[in-house]
Amino acid sequence: MAYDTLIAALLAEGEAKRKEILSKARAEADRLMAQAAADAAALEREADRRVREELAAQCAEALSRASIDRRRLLLQAKHEVLEAIWKRTTEMAMALTGHERARVLRGLLDELLDAAPPGPLTVIIDPRERPHLVPYLKSRNLAVEERSDDELLLGAEVVADGIMLRTSLATRLAKARPQLLIELNRLLFKQLTANSA
Numbered sequence: 001m002a003y004d005t006l007i008a009a010l011l012a013e014g015e016a017k018r019k020e021i022l023s024k025a026r027a028e029a030d031r032l033m034a035q036a037a038a039d040a041a042a043l044e045r046e047a048d049r050r051v052r053e054e055l056a057a058q059c060a061e062a063l064s065r066a067s068i069d070r071r072r073l074l075l076q077a078k079h080e081v082l083e084a085i086w087k088r089t090t091e092m093a094m095a096l097t098g099h100e101r102a103r104v105l106r107g108l109l110d111e112l113l114d115a116a117p118p119g120p121l122t123v124i125i126d127p128r129e130r131p132h133l134v135p136y137l138k139s140r141n142l143a144v145e146e147r148s149d150d151e152l153l154l155g156a157e158v159v160a161d162g163i164m165l166r167t168s169l170a171t172r173l174a175k176a177r178p179q180l181l182i183e184l185n186r187l188l189f190k191q192l193t194a195n196s197a
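Counting in this note's numbering, the sequence shown runs from 1 upward without gaps.
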């Protein structure tokens, strides 16, 4: 019977070892599962961070492109508005005839004559403007030369002592352009801020 006790003791010892091994295996499995869960959470956080960074970069790029496109469209709109104003102003001015055209030409020529130095001078006009200025030029006893030049339409040049002064529709539009751009910028900015509010 000693064998029975020995076998029972060995079986009890084997059962204890089995429980100990199982307990250690469960603890190790739990540790490995916890580690795997922590690693998975860390990977998920890293993936989320990368996705957020990539989305932020894509958003910044899209906003930058939109800003550039907005500026381009704004410049294009300014250009189109200016061209429309220039075209309409030119059409209206060139449509002046008879007494109205002669009155405008006399006014422009008077400005030039007031600014010219004293002494003999020569008025240069485009031949197309001559019919509107003949009576005025004769009444002022001014020397006249003709030169075909679109820049002299609705205008004239005065040459005195080597100084040349010019005024015309073209020069007036060129002078008005910067001020018109400032006003156009103000109006567009006002419109943009009103739309974004």
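Glycine included, C-beta positions come from ideal geometry on N, C-alpha and C.
| message | Please state the DSSP three-state secondary structure of residue 165. | response | By 1-based counting over the sequence shown, the position of residue 165 is 165. It is a strand residue.
For residue 125, write down the residues that DSSP places opposite it in a beta bridge. As a first step, residue 125 must be located in the sequence shown, where it is residue number 125. Bridge partners of residue 125: 146.
Less than 8 Å between the beta carbons of residue 146 and residue 127, yes or no? Mapped onto the sequence shown, residue 146 falls at position 146. Mapped onto the sequence shown, residue 127 falls at position 127. Yes, the Cβ-Cβ distance between residue 146 and residue 127 is below 8 Å.
Requested in this report: For residue 117, I'd like the list of residues in its chain whose CB is within less than 8 Å of its CB, leaving aside the five on either flank, ordered along the chain.
Outcome: Looking up residue 117 in the sequence shown gives position 117. Excluding residues within five positions, the ones whose Cβ falls inside 8 Å are 160, 161 and 163.
Problem - Beta-ladder partner(s) of residue 158, from DSSP - result: For the purposes of this step, residue 158 is taken as the residue at position 158 of the sequence shown. According to DSSP, which records beta bridges pairwise, residue 158 is partnered with 123 and 165.
Does the count of Cβ pairs from the stretch 103-119 and the stretch 133-143 closer than 8 Å reach three?
yes
List the whole-angstrom C-beta distance separating residue 184 from residue 74, where the pair is believed to meet the contact cut-off of C-beta under 8 Å.
The count along the sequence shown starts at 1 and reaches residue 184 at position 184. The count along the sequence shown starts at 1 and reaches residue 74 at position 74. Their Cβ separation, rounded to whole angstroms, is 10 Å, which puts residue 184 and residue 74 out of contact at 8 Å.
- How is the alpha helix (DSSP H) around residue 135 delimited, first residue to last? One-based indexing of the sequence shown puts residue 135 at position 135. Note, residue 135: alpha helix (DSSP H), 130-140.
Excluding the five sequence neighbours on either side, which residues of its own chain have a C-beta within less than 7 Å of the C-beta of residue 115, listed in chain order? Mapped onto the sequence shown, residue 115 falls at position 115. The residues are 165.
Does residue 167 pass the burial test, meaning 16 or more other C-beta atoms within 10 Å, or should it be called exposed? Here residue 167 corresponds to residue number 167 of the sequence shown, with the count starting at 1. So residue 167 counts as buried.
Can you give me the C-alpha to C-alpha distance between residue 85 and residue 176, rounded to a whole angstrom? The count along the sequence shown starts at 1 and reaches residue 85 at position 85. The count along the sequence shown starts at 1 and reaches residue 176 at position 176. Each residue's alpha carbon lies about 11 Å from the other.
Q: Let me know if residue 155 comes out buried or exposed under the rule of 16 or more other beta-carbons within 10 Å of its beta-carbon.
A: Your numbering for residue 155 matches position 155 in the sequence shown. By the neighbour-count rule (16 or more Cβ atoms within 10 Å), residue 155 is buried.
Could you spell out where the alpha helix (DSSP H) holding residue 11 opens and where it closes? For the purposes of this step, residue 11 is taken as the residue at position 11 of the sequence shown. Segment 2-94, the alpha helix (DSSP H) holding residue 11.
In terms of residues, what are the limits of the alpha helix (DSSP H) holding residue 105? As a first step, residue 105 must be located in the sequence shown, where it is residue number 105. It spans 98-115 - the alpha helix (DSSP H) in which residue 105 sits, taken as one unbroken run.
**Message:** My assumption, with CB atoms under 8 Å, is that residue 158 sits in contact with residue 105. Please give the rounded CB distance.
**Reply:** For the purposes of this step, residue 158 is taken as the residue at position 158 of the sequence shown. For the purposes of this step, residue 105 is taken as the residue at position 105 of the sequence shown. About 13 Å separates the beta carbon of residue 158 from that of residue 105, a gap too long to meet the 8 Å contact definition.
Measuring straight from C-alpha to C-alpha, what distance separates residue 83 and residue 91?
Sequence index remark: in the sequence shown, residue 83 carries index 83 (1-based). Sequence index remark: in the sequence shown, residue 91 carries index 91 (1-based). Rounded to whole angstroms, residue 83 to residue 91 spans 12 Å at the Cα level.
### Query
Can residue 125 and residue 152 be called in contact, C-beta distance under 8 Å?
Numbered from its first residue, the sequence shown carries residue 125 at position 125. Numbered from its first residue, the sequence shown carries residue 152 at position 152. Closer than 8 Å, so yes.
- [ ] Confirm, please, whether the CB-CB distance from residue 123 to residue 96 is below 8 Å.
- [x] Within the sequence shown, numbered from 1, the residue matching residue 96 stands at position 96. Within the sequence shown, numbered from 1, the residue matching residue 123 stands at position 123. Against a cut-off of 8 Å, the Cβ pair of residue 123 and residue 96 comes out as no contact.
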